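Peer 1: So the sequence shown is numbered by our numbering: it starts at 7 and just counts up by one. Glycine included, C-beta positions come from ideal geometry on N, C-alpha and C. Quick caveat: nothing in here was measured; it's all calculated off a predicted structure.
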Amino acid sequence: PDVVEAIYNREKRKDIYAVISGLGPRAYLPRVLHEVQSIFGYITPEAFSNIVSSLGLDPTDVIKVITSYREFSADPSGDIIIYICKGTACFLRGQPHISRTLSAVIGADRGQVADCGIQYIEMDCFGVCHMAPVVKAGDTFIPSVDPDSIPRLVEQLLKGVSYENRVSFLNRIKRVLTRGHKRILKKKLTITGAINLGNEKELIGCGVAIDANGNLTLAQNGDGRELGKLVSRSVSFEYVTASGARSIGSLIMDEANQVTAVVNFPNIALEEAVKHTMKPLVVIRDHVVAVRMENEVYELGEINSNTVVVEIRDGDNGSITFDGPNARAVLEEERGIPTRRHEEEDPEFIKKQDRILLGFAAGVDPDNIDSYIEHGGYQALKTILGLNGGKRWTSEEIMTQIKESNLRGRGGAGFPTGRKWEGLYRAVVTVDSKDENKDSIKLIVANGDEGDPGAFMDRTLIQEKPHLLIEGMIIAALAINARYGVIYVRKEYEDAVRRIENALFQARRRGFLGKNICGIEGLDFDLEIRLGAGAFVAGEKRAIMRAIEGKPAEPTLKAISNSRRGLWGKPTLLNNVETFANVPLIIQRGGRWFKRQGYKNSGGTKIFSVA
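#1: Identify whether L467 lies in helix, strand or coil by the three-state DSSP scheme.
#2: Could you tell me if A251 is buried or exposed, where buried requires 16 or more neighbouring beta carbons within 10 angstroms of its beta carbon?
#3: For I127 versus I88, is the C-beta distance shorter than 9 Å?
#4: How many Å lie between I476 and A509 at the Cα?
#5: Taking Q407 and G597 to be in contact with their CB atoms under 8 Å, please state how far apart those CB atoms are, rounded to whole angstroms.
#6: With a CB to CB cut of under 7 Å and the five nearest residues on each side skipped, what residues in its chain are close to R465?
#7: Near E244, what residues of its chain come up, given a Cβ to Cβ distance below 7 Å and the 5 sequence neighbours on each side ignored?
#8: Quick one: grab the DSSP three-state call for E308.
#9: Please name the residue in K497, D458, H282 and F586 whose C-alpha comes closest to that of E620.
#10: In three-state terms, what does DSSP make of A200?
#11: Going straight from the alpha carbon of R172 to that of K165, what length do you get?
#12: Grab me the residues of A587's own chain with a C-beta within less than 8 Å of its C-beta, minus the 5 sequence neighbours each way, in chain order.
#13: Give the secondary structure of T327 by DSSP, where H, G and I count as helix, E and B as strand, and everything else as coil.
#14: Tell me which residues share the same chain as R570 and place their Cβ nearer than 8 Å to its Cβ, disregarding the 5 neighbours each side in the sequence.
#15: DSSP puts M259 in a beta bridge; with which residues?
#16: Tell me whether A428 sits in a helix, a strand or coil according to DSSP, three-state version.
#17: Please confirm if G93 has its CB atom under 9 Å from at least one CB of chain D.
#18: In terms of DSSP beta bridges, what is K235 paired with?
#19: On the criterion of 16 or more Cβ atoms from any shown chain inside 10 Å, does G454 qualify as buried, or is it exposed?
#20: So, is E380 buried or exposed, given that buried needs 16 or more other C-beta atoms within 10 angstroms?
#21: Given that a residue counts as buried once 16 or more other Cβ atoms are within 10 Å of its Cβ, and exposed if not, what is E584?
#22: Please work out which residues of its chain come closer than 8 Å, Cβ to Cβ, to S27, disregarding the five sequence neighbours upstream and downstream, and give them in chain order.
#23: Is it true that the stretch 62-78 meets the stretch 146-153, where meeting means three or more beta-carbon pairs spaced less than 8 Å apart?
#24: Looking only at DSSP bridge pairs, what is M299 linked to?
#25: How many Å lie between F518 and D373 at the Cα?
#26: Count Cβ pairs between the stretch 386-399 and the stretch 515-533 that sit closer than 8 Å; are there 3 or more?
#27: Please name the residue in I274, T223, I480 and W427 whose C-alpha comes closest to that of A513.
#28: Quick check on Q125: does DSSP put it in helix, strand or coil?
#29: Take D441 and list the residues in its own chain whose beta-carbon comes closer than 7 Å to its own, dropping the five residues that flank it on each side.
#30: Given this structure, state the Cα-to-Cα distance separating E161 from F462, to the nearest angstrom.
#31: Since R548 is in the alpha helix (DSSP H), which residue starts that stretch and which ends it?
#32: Rounded to the nearest angstrom, what separates V297 and V495 at their Cα positions?
#33: List the endpoints of the continuous alpha helix (DSSP H) containing N508.
#34: What is the rounded straight-line gap between the Cα of I13 and the Cα of E41?
#35: Could you tell me the distance, in whole angstroms, from the CA atom of R19 to the CA atom of L484?
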């Protein structure tokens, strides 16, 4: 089938078009353009023709949209595209020199396709300023790029995946798929200690085989028992227990070297603190493993390179310690201890910070709705709905708390949030003869299209606390009686987009979104993600509406207020991502408490990104 037609048919079956019925094909245009651009690398002439015919739009209107956004292009692209961030932080850290070096290596200027098929494009801020200067190839961000590393990067991209070459990569896949591959032993090691595996004493002295997939199996003097699968990002350390015995503890971490789980931690109180601290960071210095929480660094013990962490069952973890001269070299490679260490934040810099919002539901796994619920998530929503033992709140009661909090918009203008919500609550839906949808509904929009240099507050919240944003938007919808909401996010925030998409899916499955929210008959609300396409002006209140509607992102002079006629002509509440994220905290702790955390005319705290 035709690609454009397939995308179009899938898009128009989305729930948003059933709820807001009557919307014309222009509403489908942004998603169709994004997917065509992603598939072909540019809007090909054939795809353009099919877009015009399938959606029934004027060719001139489609051209205007394509030329309004940097993300879309009608020019043929290279086989390999390298994106170079030219944001302020990257510029100051040598981006111009990186661009010049890349241009010289491939023999082509910015935007041109080199003979080797590589094209490089300079992009506005990616919102990962802590990685500056950063380059993006495919879906991968390459941090702290040095001009001297550019020739090697180009060579690697031309070869293919970062194995020796494509042939070697395919051979590895074939070996993995070969029957009996599991019995191909890559390394043989002898156990000297084990934790959380069961019958640990019986394991001592046994041989272990590690296959190419990282699966550990008893091999020598053993019975073929499967022990688990190697956890790649982990580090282990020795410590002395209260009784004077030596023991082994382990930390599991993510790509940012932040602790995600622990095994056999030396101190119960410290273990609880690690679990409930925002971004506890692994620090390895002078062979000593430590964890930094806020402005304190806690040393845990000397690194033990002969120990690996294994995932054993139901997400649980254990550890195995080996003996022998090969263990240290082998396991250091397999465990993938980070070679690039994070610089510690200066305690003087962070000691006076009040991380109220970032500290809410601290330690939560952003990919797991159960983790958010265990840390107090969706309790504010349940309180409002009367599911925690009290009565159901009215819209006025919700807005009373927001007004008492003195919460102001976090997007820049600082307009009192309570007043804005009150205006939307009182707004009357007016239907114009030109309106595609004639229903009496209200909408809400979360503006995540931050484009200021060095600004990545919204990305941080969307990526690390997606359910907090969702819960805040649901509460806002209950306050103003909105039926549907849109989260507008920069296309460049691909990791954050994937995470919020996953969070929306989980929230629907658990009954927090969709029809009959939390089992309450007739209480319907859902959310849709719309991607930005590289238009800085799309952060302006009318431009963002036009962008969502499939029009060029242009500000409108003397435009009617969004509270009267916003998205698709409906009264629309527009707030910044950070503004919505503060709402559950206000409901749980109270508006007056939130007000005391700020200043006279502005309650709460404000997140700032420092690049």
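Peer 2: Working from what's here:
#1: Translated into positions along the sequence shown, residue 467 becomes position 461. Helix.
#2: Here residue 251 corresponds to residue number 245 of the sequence shown, with the count starting at 1. Label assigned to A251: exposed.
#3: Locating residue 127 in the sequence shown gives position 121, where the first residue counts as 1. Locating residue 88 in the sequence shown gives position 82, where the first residue counts as 1. Cβ distance < 9 Å, so I127 and I88 count as in contact.
#4: Taking the sequence shown and counting its residues from 1, one reaches residue 476 at position 470. Taking the sequence shown and counting its residues from 1, one reaches residue 509 at position 503. Looking at the two C-alpha atoms, the distance is approximately 8 Å.
#5: As a working mapping, residue 407 is identified with position 401 in the sequence shown. As a working mapping, residue 597 is identified with position 591 in the sequence shown. Correct: roughly 4 Å between the Cβ atoms.
#6: Numbered from 1 along the sequence shown, position 459 holds the residue referred to as residue 465. Closer than 7 Å at Cβ, skipping near neighbours: G133, Y499 and A502.
#7: Here residue 244 refers to the residue found at position 238 of the sequence shown. Excluding residues within five positions, the ones whose Cβ falls inside 7 Å are R252, I254, G307, E308 and N310.
#8: On the sequence shown, residue 308 is found 302 positions in, with the first residue counted as 1. Here E308 sits in strand by DSSP.
#9: Beyond the ends of the chain as shown, which are 7 and 617, falls residue 620; an answer cannot be given.
#10: Walking along the sequence shown from the start, residue 200 turns up at place 194. Three-state DSSP puts A200 in a strand.
#11: On the sequence shown, residue 172 is found 166 positions in, with the first residue counted as 1. On the sequence shown, residue 165 is found 159 positions in, with the first residue counted as 1. Residue confidence for R172 is low, a pLDDT of 46 falling below 50, so the modelled location carries little weight and cannot support an answer.
#12: For this step, residue 587 is matched to residue 581 along the sequence shown. Answer for A587: L363, L467, K471, L474, L475 and G478, listed in chain order.
#13: Counting from one through the sequence shown, the residue named residue 327 turns up at place 321. Strand.
#14: Looking up residue 570 in the sequence shown gives position 564. For R570, where only same-chain residues beyond five positions count, the Cβ hits under 8 Å are A433, T436 and P577.
#15: Counting from one through the sequence shown, the residue named residue 259 turns up at place 253. For M259, which the question treats as bridged, DSSP gives the partners V265.
#16: What you label residue 428 is simply residue 422 of the sequence shown in a count that begins at 1. Reading the sequence as shown, one finds Glu at residue 428 and not Ala. It is helical.
#17: Here chain D cannot be found, since the structure has a single protein chain.
#18: For the purposes of this step, residue 235 is identified with residue 229 of the sequence shown, where counting begins at 1. The partner list for K235 (beta bridge, DSSP) reads N221 and E317.
#19: As a working mapping, residue 454 is identified with position 448 in the sequence shown. When all chains shown are included, G454 counts as buried.
#20: Taking the sequence shown and counting its residues from 1, one reaches residue 380 at position 374. Under this definition E380 is an exposed residue.
#21: Within the sequence shown, the letter at position 578 stands for residue 584. Buried.
#22: The count along the sequence shown starts at 1 and reaches residue 27 at position 21. Only N443 and D445 meet the Cβ criterion.
#23: no
#24: If you number the sequence shown from 1, residue 299 lands on position 293. E302.
#25: Locating residue 518 in the sequence shown gives position 512, where the first residue counts as 1. Locating residue 373 in the sequence shown gives position 367, where the first residue counts as 1. A direct Cα-to-Cα measurement between F518 and D373 gives close to 16 Å.
#26: The stretch 386-399, when compared against the stretch 515-533, does touch it at the 8 Å Cβ threshold.
#27: Position 507 of the sequence shown, counting from 1, holds the residue named residue 513. With distances taken between Cα atoms, A513 lies closest to I480.
#28: Taking the first residue of the sequence shown as 1, we reach residue 125 at position 119. Three-state DSSP puts Q125 in a strand.
#29: Along the sequence shown, read from residue 1 onward, the residue named residue 441 stands at position 435. Counting only Cβ-Cβ distances below 7 Å, and skipping sequence neighbours, we find G575.
#30: Position 155 of the sequence shown, counted from the first residue, corresponds to residue 161. Position 456 of the sequence shown, counted from the first residue, corresponds to residue 462. Distance between the alpha carbons of E161 and F462 is about 32 Å.
#31: By 1-based counting over the sequence shown, the position of residue 548 is 542. First-last of the alpha helix (DSSP H) with R548: K547 to E555.
#32: For the purposes of this step, residue 297 is identified with residue 291 of the sequence shown, where counting begins at 1. For the purposes of this step, residue 495 is identified with residue 489 of the sequence shown, where counting begins at 1. Taking the straight line joining both Cα atoms gives about 33 Å.
#33: Against the sequence shown, residue 508 aligns to sequence position 502. Here the alpha helix (DSSP H) through N508 covers E500 to R515.
#34: Numbered from 1 along the sequence shown, position 7 holds the residue referred to as residue 13. Numbered from 1 along the sequence shown, position 35 holds the residue referred to as residue 41. Taking the straight line from one Cα to the other gives about 8 Å.
#35: Position 13 of the sequence shown, counting from 1, holds the residue named residue 19. Position 478 of the sequence shown, counting from 1, holds the residue named residue 484. Those two C-alpha atoms are separated by around 26 Å.
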